[in-house]
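Taken in order, the sequence shown gives residues 16 to 135; the numbers are from our numbering. Glycine included, C-beta positions come from ideal geometry on N, C-alpha and C. One structure is given here, and the rest of the page talks about it.
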Amino acid sequence: MTLATGLFVVPAHKAAAQVAVSIGVAPVCPYGYYEGTPYGCAPDGYYGPEWFSGGVFVGAGPWYHGSDHFYGHVDHKLDYRKGYHGPMPARGESPAEHRAEFHGQAMHDVHGHEAPRKRK
């Protein structure tokens, strides 16, 4: 009886569940990186000025932590998924002294989806 009473007196331990998702460290690219896997470095001029803050790329893909309703301009001529085969910067490379002029008209969200017609 004493043993049975002891089981009721002993406080129950709460099981703590923890879920962690690791997507790795954001790649360090001088002009940002494409919004979709494999998240390669985007060339200078792919992203419009609204993707940068103080000259630093604010993000795209799984590393982006801004508004869910963000859309920014991109230049499809510099998108490898649309046929671009020009030079690509490497991770960790320093940006050029002078930025390329931006010419893009398309708008994407941070995951590479086109903006709805009313947002273009």
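Non-local beta-carbon contacts of residue 66 in its own chain, meaning distances under 7 Å to residues more than five positions away in sequence, involve 47, 72, 73, 87 in chain order.
Residue environment analysis places residue 43 among the exposed positions, since fewer than 16 neighbouring C-beta atoms fall within 10 angstroms of its C-beta.
Taking C-alpha positions only, residue 81 is separated from residue 50 by approximately 14 Å. A straight-line Cα-Cα distance of about 28 Å links residue 98 and residue 68. For residue 122, the enclosing beta strand (DSSP E) covers residues 121–123.
Residue 59 sits away from residue 105, with the two beta carbons spaced by 7 Å or more.
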